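All remarks here apply to the structure that follows.
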Amino acid sequence: MRRTRGRKSHRERRTILVLAAIVCVLAVAVLWARSRDPEALRPPPRPPEMQARTAAPENAYHVLGEALYLLPAENPMPKKYPVPGRPGLEAFYSTEVNSIARELDIWAPDDGPEVAAYLEQCQPAIEKAKQALACPYFLIPQEAGQAKRAIGDPAFTTLLHASCRHAWEIRNDKQTALDLFFDAVRLCRLLRQDGAANELSWIQSKEQNLWRQLADYVKETGDPAILNHALDRLMELEEPPPLDWNLILDAEWRSEWEYLERMRAQGSLQGPATLANVLRMRHERRMIRSIINKGGIWTQTLSLPYPRFEEALGGNPGGPLAAAKDYGGCESVWYRLWEAKLGQTCCAAMQRQLLLLALLELHRLDKGQYPEALAGAAAGRLEMLPVDPFTEEQFQYNPLTPERLLVSPGPKTYPRSLFRPDLNWRAEIVNGVVGIQTTPKED
Amino acid sequence: MNEGHETAQKSAIEKAPYMRFLGASMHHALVTTLRRKRTILAGVIALLPVVIPLLLTVFTEGAFGQEGNKLFVMLVEDIYVKALLPLLAMFFGTMLIGEDVESQTIPYLLTRPFPRSALVLGRFAAYMIIATALVLPGIFLTFAACTALGSFSFSPANLRLMLHYDGALIMGLMGYGAFCMWLGAFFKRPIIVGVTTLFGWQRLAFFVPGLIDFFTIEKYVTALLPPLAEARETPTLRTALAEFQKQQFLIGAAKSVAALCIITAAMIAITVFVVRWREYSQAKAMES
Amino acid sequence: MSVVIEAKELSKWFGEVVAVNNLDVTIESGVTGLLGPNGAGKSTFIKLAMGLYGPSRGTIKVFGQSPRNNMDVLRRIGYCPEFDRFPDNTTGFEFVYWLNRFYGLTGGEATRRAEEACERVKMTDRMDDLIETYSRGMRQRIKIAQALAPAPELLFLDEPMAGLDPEGREELFALIRALGEEGRAVIVSSHILYEIERVTSYMVLLHNGCILARGKVHDVRELMDEHPLAVTVECRSPRALAAHFAGDDTTLSIEFDNGRVTVRTRDPNGFFDKLNRLITENAAEVTSFACADADLQSVFQYLVR
Numbered sequence: 099m100r101r102t103r104g105r106k107s108h109r110e111r112r113t114i115l116v117l118a119a120i121v122c123v124l125a126v127a128v129l130w131a132r133s134r135d136p137e138a139l140r141p142p143p144r145p146p147e148m149q150a151r152t153a154a155p156e157n158a159y160h161v162l163g164e165a166l167y168l169l170p171a172e173n174p175m176p177k178k179y180p181v182p183g184r185p186g187l188e189a190f191y192s193t194e195v196n197s198i199a200r201e202l203d204i205w206a207p208d209d210g211p212e213v214a215a216y217l218e219q220c221q222p223a224i225e226k227a228k229q230a231l232a233c234p235y236f237l238i239p240q241e242a243g244q245a246k247r248a249i250g251d252p253a254f255t256t257l258l259h260a261s262c263r264h265a266w267e268i269r270n271d272k273q274t275a276l277d278l279f280f281d282a283v284r285l286c287r288l289l290r291q292d293g294a295a296n297e298l299s300w301i302q303s304k305e306q307n308l309w310r311q312l313a314d315y316v317k318e319t320g321d322p323a324i325l326n327h328a329l330d331r332l333m334e335l336e337e338p339p340p341l342d343w344n345l346i347l348d349a350e351w352r353s354e355w356e357y358l359e360r361m362r363a364q365g366s367l368q369g370p371a372t373l374a375n376v377l378r379m380r381h382e383r384r385m386i387r388s389i390i391n392k393g394g395i396w397t398q399t400l401s402l403p404y405p406r407f408e409e410a411l412g413g414n415p416g417g418p419l420a421a422a423k424d425y426g427g428c429e430s431v432w433y434r435l436w437e438a439k440l441g442q443t444c445c446a447a448m449q450r451q452l453l454l455l456a457l458l459e460l461h462r463l464d465k466g467q468y469p470e471a472l473a474g475a476a477a478g479r480l481e482m483l484p485v486d487p488f489t490e491e492q493f494q495y496n497p498l499t500p501e502r503l504l505v506s507p508g509p510k511t512y513p514r515s516l517f518r519p520d521l522n523w524r525a526e527i528v529n530g531v532v533g534i535q536t537t538p539k540e541d
Numbered sequence: 299m300n301e302g303h304e305t306a307q308k309s310a311i312e313k314a315p316y317m318r319f320l321g322a323s324m325h326h327a328l329v330t331t332l333r334r335k336r337t338i339l340a341g342v343i344a345l346l347p348v349v350i351p352l353l354l355t356v357f358t359e360g361a362f363g364q365e366g367n368k369l370f371v372m373l374v375e376d377i378y379v380k381a382l383l384p385l386l387a388m389f390f391g392t393m394l395i396g397e398d399v400e401s402q403t404i405p406y407l408l409t410r411p412f413p414r415s416a417l418v419l420g421r422f423a424a425y426m427i428i429a430t431a432l433v434l435p436g437i438f439l440t441f442a443a444c445t446a447l448g449s450f451s452f453s454p455a456n457l458r459l460m461l462h463y464d465g466a467l468i469m470g471l472m473g474y475g476a477f478c479m480w481l482g483a484f485f486k487r488p489i490i491v492g493v494t495t496l497f498g499w500q501r502l503a504f505f506v507p508g509l510i511d512f513f514t515i516e517k518y519v520t521a522l523l524p525p526l527a528e529a530r531e532t533p534t535l536r537t538a539l540a541e542f543q544k545q546q547f548l549i550g551a552a553k554s555v556a557a558l559c560i561i562t563a564a565m566i567a568i569t570v571f572v573v574r575w576r577e578y579s580q581a582k583a584m585e586s
Numbered sequence: 003m004s005v006v007i008e009a010k011e012l013s014k015w016f017g018e019v020v021a022v023n024n025l026d027v028t029i030e031s032g033v034t035g036l037l038g039p040n041g042a043g044k045s046t047f048i049k050l051a052m053g054l055y056g057p058s059r060g061t062i063k064v065f066g067q068s069p070r071n072n073m074d075v076l077r078r079i080g081y082c083p084e085f086d087r088f089p090d091n092t093t094g095f096e097f098v099y100w101l102n103r104f105y106g107l108t109g110g111e112a113t114r115r116a117e118e119a120c121e122r123v124k125m126t127d128r129m130d131d132l133i134e135t136y137s138r139g140m141r142q143r144i145k146i147a148q149a150l151a152p153a154p155e156l157l158f159l160d161e162p163m164a165g166l167d168p169e170g171r172e173e174l175f176a177l178i179r180a181l182g183e184e185g186r187a188v189i190v191s192s193h194i195l196y197e198i199e200r201v202t203s204y205m206v207l208l209h210n211g212c213i214l215a216r217g218k219v220h221d222v223r224e225l226m227d228e229h230p231l232a233v234t235v236e237c238r239s240p241r242a243l244a245a246h247f248a249g250d251d252t253t254l255s256i257e258f259d260n261g262r263v264t265v266r267t268r269d270p271n272g273f274f275d276k277l278n279r280l281i282t283e284n285a286a287e288v289t290s291f292a293c294a295d296a297d298l299q300s301v302f303q304y305l306v307r
């Protein structure tokens, strides 16, 4: 429409411009959405070399998998130890094989013949599981799914523990019992390599139970040959290896992902709960990823020895401790990392105390009393006395109070105490046994 | 006076070619439609479905979110085809002739030596241009936004799907638009009649057994859509059977296209007839 | 003088309402007035002639052809409707421009004619403003412009003076007369005899859809000489205004009512001349004036007897 005078109409241009602007804004939003990683929650796949290791036959996972299927299928003591109802758990986890392994921890002397018969049936599986101890590493394949629960769970450590107890208490074969005991500890250490934090804490508490068992045996045996055998095995046993935080965080991530996928497949994850879960998970995973990828203060904190680790956690209000509180307790990644560090240190403290305890018992059996100083017990056997990993000093030694012969004050704080300001927490390690005491705070 | 009469005759306008009338009608309709603020509102409504996949990418992640393919198919088939198409057609189609009737400015048009068919066709062409320009970017942006979700990408197969939907939507705009244009030319309250037929009768016709649904436009538009599009990545017997069923027992794509073309042509022809022979502004006759 | 419109036994009804009843009329080129009260059938007749309606009975031919959907006829006629309706969001220029395009004109030609038409009705300064911002008189002018723009041979003006101020009326009167002198046929409808008198000497009187009279204006006017015209003027000082007319011989009566003065006069021409003079000399601050149809009705009752 040509005009010779007057202003030209722009009203139709306004509509076109407004609509074009809206389209541009949406296009930018679309480009932004496309640039986001849709799989941000999904854990990254393992590096190729790690995948190769996982698939390799020297991965202890495969050996333990074969051992699992060598276990007998039937529960020999169904009436006495019925399989408790576990609604909601997947079938494989509640198989009778696994429940029996747990139920063997409930020990009754009159079950001796049935237990012996059952352990006899389990012998091929136990021998196969021992072969896994020769494997250099244990890595659960990412696609293992539910099978990993049975293998990762300390079912075999429980069987070995039961065999150890049966050998010590029923058959009076203490040498064999000690061998089985240390096989169980080594199996715990092997299983810990995969790093999944949920299983990690379970395995660590299993190892602590084993050390508690050994503490009882060391105290009651009175046989120098057995004590020497235990001492030799203790001196052979390496310290718990340092935790691989990257592995733990990845495994933690994977575990959480699988949990949510399982819930989603069951239809348990729906509606606002789904959104809340996904948002929480997404937020935590981003933090995990930043821990892994960015390093810096996070990685430095994780690599500190326990005492300084605890100080680092408590010293900076804006640091990991605050993050733990922000995420609400046990669900926090930091909480679980802290527990893993604590469990690791507890096992180290218990192992070191038992080493010293064996020496002290041998000294007592030889000389009739405990030495005045720890160095007296270690002379000729140890070049260096092991220190308390919680204080990085020598264990407290109380020769006049045998029930508190060796004491470690334990951690200054306990992760759970973070969320109970009304209680005093005290976690001591005494004679190779962890004891947690809580007392109400006085107003 | 005779000389003056000859002067008057000489200044009379000569007959113009038909295409000039068609172009004038289309140009005028484009300009007037673009000036309306309602056009912006229609554009916003046509672009609203894009927001849904964008929100889902923010609030969900990967495997815990919607699959892009399913979402795209749902948005196009349930929102664009079933709701937005008839809405836009009513929005614009009824205004093509109806606005002049309602505002009583139609005598200006009808007292011009303007072929009625050129008037109707030109306005219909303008409607198709504007409606298509509003809908197609929406479809494309929805498609692009859905690719931000899992299991959907800019692959040739997916782009073909989008183009398939584009074609179906254009055919739907054509059929619905022609129908609504006739409503605007014929009825005093075209919106009410449009809502009743497009959202009432069409819904009812699909529930009543028999061939009644052949008297809907939605049937033919739906027949143009790919069957089980959300499952096309994994062709199964179910998908093949659905396609066969559509071809043999319902209505195939070729017949649907033909039906929509016939509906469009018929509605345009009826509108031309109505505009030619209807006596508008009867209400004013009493006052004069 | 050629015949432009020929109606034979033309009737049009809408349901039970008969708008035009058995009209036989021939209209030639030049200016013809269509006079009648509201409801007389003037607009209906015009619409029949424009082809907007089809006759219920009888025939009507424009330029020897039926006008209904006849593009050849429509190309030669222009129409300024009575109703005050315009498209939204349109300037005066655009309104005229697009209606020119609907005549089949090219863009340039349509622009040129639109500008000329706006200039002719003195709307050049406001033609780029939205019609919604126009006064009633401006809207009337722009309606006339769109009718004039295609330079039609036959022009229908339905109540063209409505809403115009006295100055505007005078300009329009001059324009209509000029169009007649150009050789165009102009049909002007009004319910005010005075307005018809100013533009033409030939008129057709309609009442209830029938022709009551046709012919020279002054012949019809003579019939009305015995019947005065009542004009109601609203102004700031009604009594001061009335004083100017009180002494006239042709003034029959003066009445006051709420800021208005109604003057009944036997000489409308003289009355309006004097009123115009008073307004232009600022001797009277007139806000509006109207002719009472009641007096005109009495004229038709006389003619109907």
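Protein chains in written order, with our numbering: chain A, 99 to 541; chain B, 299 to 586; chain C, 3 to 307.
For each residue, glycine too, the CB sits at the ideal point set by N, CA and C.
Small disclaimer: the values here were computed from a predicted structure and weren't measured.
Determine the closest residue to residue i out of the options, with distance taken between C-alpha atoms.
i, options, result
"B:Gly475", "B:Gly321, B:Ile311, B:Phe571 and B:Met565", "B:Met565"
"B:Tyr406", "C:Leu54, C:Glu118, C:Met140 and C:Tyr136", "C:Leu54"
"C:Met140", "C:Ala180, C:Arg103, C:Lys276 and C:Phe88", "C:Phe88"
"B:Cys559", "B:Asp511, B:Phe477 and B:Arg501", "B:Phe477"
"C:Asn285", "C:Pro270, C:His246, C:Thr264 and C:Arg266", "What sits at residue 285 of chain C in the sequence shown is Ala, not Asn. Comparing Cα positions, the closest option is C:His246."
"C:Ser203", "C:Ser31, C:Glu8 and C:Glu11", "C:Ser31"
"A:Thr113", "B:Glu516, B:Leu346, B:Ile311 and B:Arg334", "B:Arg334"
"A:Ala165", "A:Gln221, A:Leu457 and A:Ala154", "A:Gln221"
Just the chain C side, please: which residues come within less than 9 Å of residue i by C-beta, in chain order?
i, result
"B:Lys313", "Met73, Asp74, Arg77 and Gly106"
"B:His326", "Trp100, Arg103 and Phe104"
Chain B partners of residue i, CB-CB under 8 Å?
i, result
"C:Gly35", "Near C:Gly35 there are no residues of chain B at all, since even the closest Cβ is about 15 Å away, more than 8 Å."
"A:Tyr114", "The residue you asked about is not Tyr; residue 114 of chain A is Ile in the sequence shown. Simply Leu332."
"C:Asn91", "Thr330, Arg333 and Arg334"
"C:Pro83", "Pro405 and Tyr406"
Which residues of chain A have a Cβ atom closer than 8 Å to the Cβ of residue i, listed in chain order?
i, result
"B:Pro507", "In chain order: nothing, as chain A lies at least about 35 Å away."
For a contact defined as C-beta to C-beta under 7 Å, what are the partners of residue i on chain A?
i, result
"B:Pro435", "Val121"
Does the distance from the C-beta atom of residue i to that of residue j stay below 8 Å?
i, j, result
"C:Gly43", "C:Val64", "no"
"B:Ser415", "B:Val572", "no"
"A:Ile527", "A:Ala447", "yes"
"A:Lys439", "A:Leu341", "yes"
"C:Asn24", "C:Cys212", "yes"
"A:Gln311", "A:His259", "yes"
Along chain C, which residues have their Cβ under 7 Å away from the Cβ of residue i?
i, result
"B:Ala322", "Arg103 and Phe104"
"B:Phe319", "Gly106"
Note down, in chain order, every chain B residue with its Cβ under 7 Å from the Cβ of residue i.
i, result
"C:Phe88", "Thr403"
For residue i, report the span of its alpha helix (DSSP H) as first-last.
i, result
"C:Lys276", "Pro270 to Thr282"
"B:Arg501", "Gln500 to Phe505"
"C:Ser239", "That residue, C:Ser239, is in no alpha helix (DSSP H); it is neither H nor E in DSSP."
Terminal residues of the continuous beta strand (DSSP E) containing residue i?
i, result
"C:Ala215", "Cys212 to Lys218"
What does residue i touch in chain B if you count any residue whose Cβ is under 9 Å from its own?
i, result
"C:Gly56", "Trp575 and Glu577"
Give the residues of chain A in contact with residue i, contact being defined as C-beta atoms less than 9 Å apart.
i, result
"B:Phe341", "In the sequence as presented, Phe is not what sits at residue 341 of chain B; that position holds Gly. Result: Thr113, Val116, Leu117, Ile120 and Val121."
> When you check each C-beta in the segment 405–427 of chain B against every C-beta of chain C, which residues fall closer than 9 Å?
Replying inline: Pro405, Tyr406, Leu407, Leu408, Thr409, Arg410, Pro411, Phe412, Pro413, Arg414 and Leu417
>> Any C-beta of chain B within less than 8 Å: which residues of the segment 207–223 of chain C qualify?
In response: none
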